[in-house]
Each structure stands twice: as C-alpha cells, then as structure tokens.
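> Let me begin by handing over the structure; questions about it come next.
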Amino acid sequence: MRLLKKSLHYFLLLIAVQYACVDKQNLDQFDDLSVTPTVASSLVYVESPEEVINNAAGANFYAQDFNFDAFNEDFFAERVLEGSITYEIENTTSKPLEITISFLDDASNVLDTETFLIDAAPTAVLTREIFYGGATGRSLDIIRNTSGIRVFGLNLGDNTSVSTLPDPRIVLRSSGRFRLRLR
61 MRLLKKSLHY
71 FLLLIAVQYA
81 CVDKQNLDQF
91 DDLSVTPTVA
101 SSLVYVESPE
111 EVINNAAGAN
121 FYAQDFNFDA
131 FNEDFFAERV
141 LEGSITYEIE
151 NTTSKPLEIT
161 ISFLDDASNV
171 LDTETFLIDA
181 APTAVLTREI
191 FYGGATGRSL
201 DIIRNTSGIR
211 VFGLNLGDNT
221 SVSTLPDPRI
231 VLRSSGRFRL
241 RLR
C-alpha cells in the first residue's frame with residue numbers, strides 16, 4: 061500500500077510537471093530582433109609644424125588625397141543608419157589658416173566639403189560635428205559613396221612669423237560614430 065501511494069505521488073508529480081512547464085515556444089521572435097550597435101573610429105589625423113607652413117611656396121602648405129574605402133564597403137554601406145563625423149582643429153601657429161576637407165567618390169568627384177577658418181594662436185580647439193542620416197543630417201549617400209578624403213591647407217597669413225608658443229603647429233583630428241543595423 062505504501063509503495064502504491066508513493067508511486068501514485070510520483071505519477072501525479074510527473075503529470076503536473078509535464079503540463080506546468082510546457083509552453084509553446086515562439087521562435088518567430090528572432091525575426092523581430094533588431095541589433096543596432098554604434099561603431100566609432102578615427103578617420104584622419106594630420107599635423108604640420110609652422111616651419112613647414114613658412115617654407116611652403118605660395119599659400120598652399122598642404123594638399124593630400126587619402127584612399128578611404130571603409131564607408132563604401134558593402135557590409136557598412138548596406139547597414140549604416142545614421143552617424144556623425146567630429147573634427148577637431150588646434151592651431152598654435154602665428155598664422156590664420158583655412159583647412160578644407162572633402163569626401164571623394166571613386167572618380168575623385170567631391171561629394172561633400174567642410175571648410176574651417178582658424179585664427180592665429182592663441183585660439184581654442186575648434187570642434188565641429190557633422191551629422192549624416194536621420195531627420196536632420198546630410199544624406200547618407202555621401203558616406204556610402206566616399207572612397208577618398210582630401211585635406212587642403214591654406215596659409216592666410218605671412219611666411220616669416222613664428223609663434224612664441226612651444227612647438228607651434230596645426231593639428232587636425234577627425235573621428236566618426238555610426239549606427240549600423242546588423243539584424
């Protein structure tokens with residue numbers, strides 16, 4: 061009798077566990093999953109000492125095109141939702157300068173340009189953030205089609221003065237932050 065009672069308890073417990081713990085699983089939820097990480101990276105870093113600016117023939121002291129295919133890689137171009145590029149320019153030279161940054165397509169056509177007028181030292185670090193995509197940003201097609209970056213530096217002052225600050229130079233830093241849809 062005792063064995064029968066014990067067996068009956070186990071049987072009832074087994075039935076209760078079977079019905080209490082079984083729910084129909086909804087595996088379609090995976091299709092609704094959206095993964096949108098933000099990726100950040102440095103884009104361009106350029107610096108030029110005041111001596112190079114003084115020794116340049118004419119006003120143009122720097123001109124360089126950089127190959128930059130990261131934006132138009134399929135993985136990035138098909139998944140980018142929005143983002144921004146932040147520029148920081150620090151001028152410790154005795155010269156007012158103009159720095160122009162252009163995004164180029166495969167044929168070297170200019171897609172977007174940002175120009176900075178920087179006073180002679182002492183000045184604060186100039187910071188500018190440009191948004192792409194979303195409701196208020198510039199077109200994401202600019203980013204998707206960029207395969208090169210052009211940096212152009214123009215001396216708006218003389219070629220003889222020297223800053224009294226230690227190690228005078230112009231420094232340009234840029235970085236990007238973009239949201240991607242992975243799923």
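Numbers 61 to 243, taken from our numbering, label the letters of the sequence shown in order.
Backbone N, C-alpha and C fix where the C-beta goes; we use that ideal spot for every residue, glycine too.
(1) Which residues bound the beta strand (DSSP E) around L186?
(2) Please give the ranges of any alpha helix (DSSP H) in the stretch 124–201, keeping only runs that are unbroken, at least 4 residues long and fully inside the region.
(3) Please determine, among E138, L177, G143 and Y147, the residue with the shortest C-alpha to C-alpha distance to L216.
(4) Under a three-way DSSP split, which group does N219 fall into?
(5) Compare the Cα-Cα distances from A195 to each of S234, F128, E142 and E111 and report the closest residue.
(6) Once you ignore the five residues that flank T173 on each side, which residues in its own chain have a CB closer than 8 Å to its CB?
(7) Let me make sure I understand the geometry here. Which of T206, L103 and I190 has the alpha-carbon closest to that of D166?
(8) Any idea what DSSP makes of S67, helix, strand or coil?
On the basis of the coordinates in this document:
(1) One-based indexing of the sequence shown puts residue 186 at position 126. L186 to G193 is the extent of the beta strand (DSSP E) around L186.
(2) As far as the stretch 124–201 is concerned, its whole alpha helix (DSSP H) runs of at least 4 residues are 134–137.
(3) On the sequence shown, position 156 is the one that residue 216 refers to. Closest in alpha carbon position to L216, among E138, L177, G143 and Y147, is L177.
(4) Looking up residue 219 in the sequence shown gives position 159. Judged by DSSP in its simplified three-state form, N219 adopts coil rather than helix or strand.
(5) Stepping through the sequence shown from its first residue, residue 195 is reached at position 135. Looking only at S234, F128, E142 and E111, the smallest Cα-Cα distance to A195 is reached by E142.
(6) Along the sequence shown, one-based indexing puts residue 173 at 113. T160, I161, S162 and F163.
(7) Here residue 166 refers to the residue found at position 106 when the sequence shown is read from its first residue. Selected option, being the one with the closest Cα: T206.
(8) Your numbering for residue 67 matches position 7 in the sequence shown. For S67, the secondary structure class from DSSP, reduced to helix, strand or coil, is helix.
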